[in-house]
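Peer 1: Add 113 to a position in the sequence shown, counting from 1, and you land on the number used in the numbering used here.
Next up is a structure, given as structure tokens.
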Amino acid sequence: MSNMKNIRFYITPPHPCSYLDDRAARMVFIDPVRDLDLSTLSELSRQGFRRSGDFIYKPECHHCRQCLSSRIPAEEFQPDSSQRRAINRNKDLRMAIRSTRHATDIHYRLYARYIIERHADGDMFPPTREQFEKFLVTGGANSFFIEFWLNDRLMVVATCDPLDDGISAVYTFYDPDENKRSLGTFAIMQQIEWARANRLPYVYLGYWVPQSEKMRYKSNFLPIEVLLDGRWQRISRPMTMTEMDILVKRLSRDESIQDYKRLR
114 MSNMKNIRFY ITPPHPCSYL DDRAARMVFI DPVRDLDLST LSELSRQGFR
164 RSGDFIYKPE CHHCRQCLSS RIPAEEFQPD SSQRRAINRN KDLRMAIRST
214 RHATDIHYRL YARYIIERHA DGDMFPPTRE QFEKFLVTGG ANSFFIEFWL
264 NDRLMVVATC DPLDDGISAV YTFYDPDENK RSLGTFAIMQ QIEWARANRL
314 PYVYLGYWVP QSEKMRYKSN FLPIEVLLDG RWQRISRPMT MTEMDILVKR
364 LSRDESIQDY KRLR
């Protein structure tokens, strides 16, 4: 039984949106000093919250609702041809499971390379050991790595939070030089397989933002469910451009001039 009644919620001032240029964003977040049990964290995930380190948050923006929580129903997922190729390209990798608390220098070095080479324009650049520890190692009580190794070389790490109805895909990092392996796609496929093997119904992928190029890959995993208007709704096939335009219009509100003034 989750204990939602005693949770205190806070909201941030407006700040630049991480997904869409020239927009302001706000976040509702949980008191970061509060320890949450599995049941409560799971219920928060079903309500659209995500974890980043000690920060458990949900976007709450005046003018936009495009951050749609997404999850994959593991048993019903059907890989397409490109996703099957990603599996075949990585059959030579060996899987291991490790608590995030047992992260080593090998994990940090791979993380740092990934951030430097793939996300030098993002909020996590430049990477530091302290950032890595707070973001992926110490924040989740029972978080774990799904690792893949090529002999003694670490290739990809998917950081996961256990939930009572699945796993939450917190963050994935991988060897940035291995472009032909499609390691990002492969990591999601393996998280789906891990959920299936453990008889868990969902893999929570985080926010799908229809107009964000870097978030668009999530809609390639079908069927997918998104939290829209307070309930989980299923998308079973690729959306047409017309359908996408209708959805974006539905998720947009009038811009808040006050939000932009506060950003200046």
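Cβ coordinates follow ideal geometry from the N, Cα and C atoms, glycine included.
Taking the runs of the beta strand (DSSP E) that are 3 residues or longer, which of them lie wholly in the region 278-320?
Peer 2: Here the runs fully enclosed are 279-287.
Peer 1: Whose C-alpha, out of Val270, Asp277, Val146, is nearest the C-alpha of Thr298?
Peer 2: Checking every option, the nearest Cα to that of Thr298 belongs to Val270.
Peer 1: Determine the extent of the beta strand (DSSP E) in which Ala187 is found, giving its start and end residues.
Peer 2: Segment: none, Ala187 is in no beta strand (DSSP E) and carries neither H nor E.
Peer 1: Go ahead and pull the three-state DSSP assignment for Arg344.
Peer 2: Three-state result, Arg344: strand.
Peer 1: Measuring CB to CB, does Val283 end up less than 7 Å from Pro323?
Peer 2: For Val283 and Pro323, no; Cβs fall outside 7 Å.
Peer 1: For Leu360, name the three-state secondary structure that DSSP assigns.
Peer 2: In the structure shown, Leu360 sits in a helix (DSSP, three-state: H, G or I).
Peer 1: Classify Val339 as buried or exposed, calling it buried when 16 or more other Cβ atoms lie within 10 Å of its own Cβ.
Peer 2: Answer is buried; the Cβ neighbour count reaches 16.
Peer 1: Which residues mark the beginning and the end of the alpha helix (DSSP H) in which Arg159 is found?
Peer 2: Its alpha helix (DSSP H) spans residues 151-159.
Peer 1: Once DSSP output is grouped into helix, strand and coil, what is the label at Asp218?
Peer 2: Asp218: helix per DSSP, three-state reduction.
Peer 1: Could you tell me the alpha carbon to alpha carbon distance between Tyr315 and His175, rounded to whole angstroms?
Peer 2: Rounded to the nearest angstrom, the two C-alpha atoms are 29 Å apart.
Peer 1: Below 8 Å on the Cβ atoms is my guess for Ser155 versus Leu276; work out the distance and round it to an integer in Å.
Peer 2: About 4 Å separates the two Cβ atoms, so the contact holds.
Peer 1: What does the alpha-carbon distance come out to for the pair Ile305 and Gly319?
Peer 2: The alpha-carbon atoms of Ile305 and Gly319 are separated by roughly 14 Å.
Peer 1: Give me whichever residues DSSP pairs with Ala209 in a beta bridge.
Peer 2: Paired residues: Glu260.
Peer 1: With distances taken from CA atoms, which of Asp290, Ile210, Tyr132, Ser365 is nearest Arg272?
Peer 2: In the sequence on display, residue 272 carries Thr and not Arg. Nearest option by C-alpha distance: Ile210.
Peer 1: Do Trp345 and Leu181 have their beta-carbon atoms positioned less than 7 Å apart in this structure?
Peer 2: Contact flag unset, no.
Peer 1: Let me know the secondary structure DSSP gives Met354 once reduced to three states.
Peer 2: It is helical.
Peer 1: Report the three-state DSSP secondary structure of Met140 (helix, strand or coil).
Peer 2: Three-state DSSP puts Met140 in a strand.
Peer 1: In the DSSP assignment, find the unbroken alpha helix (DSSP H) run with Ala199 in it and report its ends.
Peer 2: Segment 194-202, the alpha helix (DSSP H) holding Ala199.
Peer 1: Confirm, please, whether the CB-CB distance from Ser256 to Thr213 is below 7 Å.
Peer 2: Cβ atoms of Thr213 and Ser256: closer than 7 Å.
Peer 1: Can you give me the start and stop residues for the beta strand (DSSP E) that Phe168 sits inside?
Peer 2: It spans 168-172 - the beta strand (DSSP E) in which Phe168 sits, taken as one unbroken run.
Peer 1: Label Gly161 either buried or exposed according to how many other C-beta atoms from any shown protein chain fall within 10 Å of its C-beta, with 16 as the threshold for buried.
Peer 2: Looking at its Cβ environment, which holds 16 or more other Cβ atoms inside 10 Å, Gly161 is buried.
Peer 1: Which same chain residues, not among the five before or five after Pro289, have their C-beta less than 7 Å away from its C-beta?
Peer 2: The residues are Arg226, Tyr227, Glu230, Arg231.
Peer 1: Out of Ile337, Tyr317, Glu173, Tyr132, state which residue places its alpha-carbon closest to the alpha-carbon of Glu189.
Peer 2: Looking at the Cα atoms, Ile337 is the closest of the given residues.
Peer 1: Hey, Tyr317 and Ser152: beta-carbon distance below 7 Å or not?
Peer 2: Not a contact, by the Cβ cut-off of 7 Å.
Peer 1: Going by beta carbon distance, what residues of the same chain come within less than 7 Å of Met328, once the five residues before and after it are set aside?
Peer 2: If we look at Met328 and ignore the five residues flanking it on each side, its Cβ neighbours are Tyr132, Tyr320, Trp321, Val322.
Peer 1: Thinking just about the alpha-carbon of each residue, which of Ala310, Phe248, Asn264, Phe122 is nearest to the one in Arg207?
Peer 2: Checking every option, the nearest Cα to that of Arg207 belongs to Asn264.
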